[in-house]
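Visitor:
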Amino acid sequence: MYAPAAAIEHLSRAIGCAARLKAPPPVVDLYRLRALVHEALGGFEQARSDYEYVISSDQADDETMVGALLGLGLLWASRDYTRTRVHYERAIEIARKHTDPSMLARALSRIGNWYSNAGRYSEAREHCDEALLIFRAQDDRRGVAETLDLLGMTCLMGGRFDDSLRFFVEAVALLEEAGDRWTLISSLATIPALSGTYQSAFMKPALPLQQAQVYGDRALSLAQEVAVPAALSYTMWQLSFCVGTQGQCQRALNLAREALEIATGVGHEQWAIAARCALGAIHIDLLDSDRALLHLREARGLAAELNSNAWVSQITALLAYALVGCDELDEAAAIVSDFEPGGLAVGLDSIAQMWVASAALEVADALGDHEVALARAGQMKAAGCDGTLVEHIEGRALLGLDRRDDGRAAFDRAASSARENGQRTSLWRIQADRAALLSQFGEREEARRAANEALAIIDAMAEDLADPALREDFIVKAYSRIPASLRKTSAVPRTGGLTAREYEVAQQVAQGLSNRAIAKRLVLSTRTVETHVANAMSKLGFASRSQLAVWFAERPVIETVP
Numbered sequence: 078m079y080a081p082a083a084a085i086e087h088l089s090r091a092i093g094c095a096a097r098l099k100a101p102p103p104v105v106d107l108y109r110l111r112a113l114v115h116e117a118l119g120g121f122e123q124a125r126s127d128y129e130y131v132i133s134s135d136q137a138d139d140e141t142m143v144g145a146l147l148g149l150g151l152l153w154a155s156r157d158y159t160r161t162r163v164h165y166e167r168a169i170e171i172a173r174k175h176t177d178p179s180m181l182a183r184a185l186s187r188i189g190n191w192y193s194n195a196g197r198y199s200e201a202r203e204h205c206d207e208a209l210l211i212f213r214a215q216d217d218r219r220g221v222a223e224t225l226d227l228l229g230m231t232c233l234m235g236g237r238f239d240d241s242l243r244f245f246v247e248a249v250a251l252l253e254e255a256g257d258r259w260t261l262i263s264s265l266a267t268i269p270a271l272s273g274t275y276q277s278a279f280m281k282p283a284l285p286l287q288q289a290q291v292y293g294d295r296a297l298s299l300a301q302e303v304a305v306p307a308a309l310s311y312t313m314w315q316l317s318f319c320v321g322t323q324g325q326c327q328r329a330l331n332l333a334r335e336a337l338e339i340a341t342g343v344g345h346e347q348w349a350i351a352a353r354c355a356l357g358a359i360h361i362d363l364l365d366s367d368r369a370l371l372h373l374r375e376a377r378g379l380a381a382e383l384n385s386n387a388w389v390s391q392i393t394a395l396l397a398y399a400l401v402g403c404d405e406l407d408e409a410a411a412i413v414s415d416f417e418p419g420g421l422a423v424g425l426d427s428i429a430q431m432w433v434a435s436a437a438l439e440v441a442d443a444l445g446d447h448e449v450a451l452a453r454a455g456q457m458k459a460a461g462c463d464g465t466l467v468e469h470i471e472g473r474a475l476l477g478l479d480r481r482d483d484g485r486a487a488f489d490r491a492a493s494s495a496r497e498n499g500q501r502t503s504l505w506r507i508q509a510d511r512a513a514l515l516s517q518f519g520e521r522e523e524a525r526r527a528a529n530e531a532l533a534i535i536d537a538m539a540e541d542l543a544d545p546a547l548r549e550d551f552i553v554k555a556y557s558r559i560p561a562s563l564r565k566t567s568a569v570p571r572t573g574g575l576t577a578r579e580y581e582v583a584q585q586v587a588q589g590l591s592n593r594a595i596a597k598r599l600v601l602s603t604r605t606v607e608t609h610v611a612n613a614m615s616k617l618g619f620a621s622r623s624q625l626a627v628w629f630a631e632r633p634v635i636e637t638v639p
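Quick note, the working numbering runs 77 ahead of the 1-based positions in the sequence shown.
1. Going by beta-carbon coordinates alone, are Met457 and Ala434 separated by less than 8 Å?
2. Quick one: grab the DSSP three-state call for Arg197.
3. In this structure, how does DSSP classify Arg558 when only helix, strand and coil are distinguished?
4. I believe Gly455 touches Gly477 by the beta-carbon criterion, under 8 Å. Please report the beta-carbon distance rounded to the nearest angstrom.
5. Assuming Thr322 contacts Gln500 (C-beta within less than 8 Å), just tell me the rounded distance between them.
6. With a CB to CB cut of under 6 Å and the five nearest residues on each side skipped, what residues in its chain are close to Ala154?
7. I'd like to check one pair, Trp314 with Ala376: are the Cβ atoms closer than 8 Å?
8. Let me know the secondary structure DSSP gives Ala487 once reduced to three states.
9. Have a look at Gly144, Gln347, Thr159 and flag the residue whose alpha-carbon is nearest the alpha-carbon of Ala170.
10. Does DSSP put Arg480 in a helix, in a strand, or in coil?
11. Spell out a yes or no on whether the stretch 462-478 and the stretch 246-261 are touching, meaning 3 or more CB-CB pairs, one atom from each, closer than 8 Å.
12. Below 8 Å on the Cβ atoms is my guess for Ala527 versus Ala512; work out the distance and round it to an integer in Å.
13. Give the straight-line distance between the Cα atoms of Gly344 and Gly150, rounded to the nearest whole angstrom.
14. Distance check for Leu364 and Lys554, CA to CA, integer angstroms please.
15. Just verifying my parser: in three-state terms, what is the DSSP assignment at Ser493?
16. Tell me which same chain residues have a C-beta within less than 7 Å of the C-beta of Arg548, skipping the five on either side of it?
17. What residue does the alpha helix (DSSP H) around His609 start on, and which one ends it?
18. If you check the beta carbons only, do Gly220 and Phe244 fall under 8 Å apart?
19. Please classify Val131 as buried or exposed, where buried requires at least 16 neighbouring CB atoms within 10 angstroms.
20. So, with DSSP's three-state summary, where would you put Arg237?
21. Does DSSP put Arg156 in a helix, a strand or coil?
22. Are the beta-carbon atoms belonging to Phe121 and Leu152 less than 8 Å from one another?
23. So, under 8 Å CB-CB, Ile507 and His469 are touching, yes? Tell me the CB distance rounded to an integer number of Å.
24. Whole angstroms are fine: how far does the CA of Leu617 sit from the CA of Ser241?
25. Given this structure, state the Cα-to-Cα distance separating Lys565 from Ser516, to the nearest angstrom.
26. Compare the Cα-Cα distances from Thr605 to each of Glu522, Glu579, Leu373 and report the closest residue.
27. Buried or exposed for Arg237, please, with buried defined as at least 16 other CB atoms from any protein chain shown within 10 angstroms of its CB.
28. Exposed or buried, what is Thr312 when buried is set at 16 or more other beta-carbons lying within 10 Å of its beta-carbon?
29. Within 10 Å of its beta-carbon, does Ala459 have 16 or more other beta-carbons around it, so buried, or fewer, so exposed?
30. Assuming the contact rule is C-beta atoms closer than 8 Å, Ala369 and His360 should be a hit. Round their C-beta distance to whole Å, please.
31. DSSP state of Cys232, grouped into three classes?
32. Count the other C-beta atoms from every protein chain shown that fall within 10 angstroms of the C-beta of Glu581, then say buried if there are 16 or more, exposed otherwise.
33. From this set, Gln584, Ala546, Asp544, which residue's C-alpha is nearest Tyr556's C-alpha?
34. Buried or exposed for Cys462, please, with buried defined as at least 16 other CB atoms from any protein chain shown within 10 angstroms of its CB.
35. Let's test the definition: count the other Cβ atoms within 10 Å of the Cβ of Pro545 and tell me whether it reaches 16, buried, or not, exposed.
Spelled out as structure tokens, the structure:
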């Protein structure tokens, strides 16, 4: 479909002409086609009206009825998953009584996709596999291609990334051959989600981010050509996750903001949720928890209305990350506990469960529950979640248990994984932690190399940002995570006579962190932090932490070591 507006005009004329005839011919197929076009243009109510006309018409045969029910179910997927399932199940009921196997296969693949988004991987795979067998037996290459696209998504939602990539790559080849640009855009745009983006940093990527971006950029180009709002929004927010993880934060922000604007404009609530998730994740990486929380709280409310377990799980995880970032640990622990009442007993057979498990891992680490964090990391790795995020937090947990050699090995694995996959926003954090640890080992030169790599990434990310306030805030917060001994700390008059460590602790106080959070970040004991805070306040003649925070806010930004 290359001119959807013109298609609606011609279909409407045909329907009008038929109505004026003495013996009007059946027009249900015209209504179904017009519904498809209205949906593509974001006309929810118009599409709904046309689909419901077909379903209520006595002119519709079984094939037309099933097509309309599947179309109406897919239409509702943007707003209410419960209604989607009702229409899909009715379509399957009709299709199972019919002699056309392809009709049943289409219905099976669609309800399989519904199960996937509901976090029910086994049932999703069962229905999609049955559909694929039918289409292959019928030599229906178009049906095979569409089902492979849905199987790719099903395996993604089940955390089977290698299988997912295999299905998507096969789908892309068949869709290219068939000239089906709509489904092709879907397959191309989804592949980046398999590359260790914000959505899946806890998984081992199926392909590096830079390679995945090639698929995403091509999807965006095609989506811009067909100019279908929903497809364009989908492609943009998927790509924003991918480029943001590589440190291209300004482009990521631009893509996510435009995706949100488009989705909101056409009433596509699911893509609006996704775009807000992307914005939340990007702001988490920019250490801007306040803006991240604004987007994520809004997204969580919308996802609850959509009845999508997958989206609620992902948003819960991102919310927990953001809350940890601003030291709201009690709330972070509460939302994870509410969503995961079974704790470590819960299995990890879907990406929805993996998201929440990764958040629980992050919260346990932030609370200083090192044994729990280590157990959770082990549980995730046993389930195949051995990505950069898990290795990094496992390293921190091991350090908290005074297993420094094991912690160092975990940090080394995390850094290698992040570098290999192009996860630059993760790499600078890992290298900051490695620098602190290596300094404790007395390996000054290796620590300096780790710190300089972290600082170089921070500088590149900051330089890319268009908003001066956001840029400055990110630099100050990110630099504070690098050990003071590996930065050019200022002269004594600028530090008020504080030692390098006291000055570093003052930086953390200025960010509003508690002593416990500072201890975690700087790999110190809480009692040591309390001593540094007391010494700094005594030297400067202050009576409160707020005075110390105000004093530090007036200091110049510290420069890096050349």
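Think of the CB as a built atom: it goes at the ideal place given N, C-alpha and C, for glycine as much as any other residue.
Guide: This is what the structure gives:
1. yes
2. coil
3. coil
4. Not really, about 15 Å apart at Cβ, beyond 8 Å.
5. 6 Å
6. Thr161
7. no
8. helix
9. Going by the sequence as given, residue 170 is Glu instead of Ala. Of the candidates Gly144, Gln347, Thr159, the one whose C-alpha sits nearest the C-alpha of Glu170 is Gly144.
10. coil
11. no
12. 4 Å
13. 16 Å
14. 7 Å
15. helix
16. Ala539, Leu542
17. 603-617
18. no
19. buried
20. coil
21. coil
22. yes
23. 5 Å
24. 59 Å
25. Residue placement at Lys565 cannot be trusted, given a pLDDT of 48 that sits under 50; the coordinates are not used to answer.
26. Glu579
27. buried
28. buried
29. exposed
30. 4 Å
31. helix
32. buried
33. Gln584
34. buried
35. exposed
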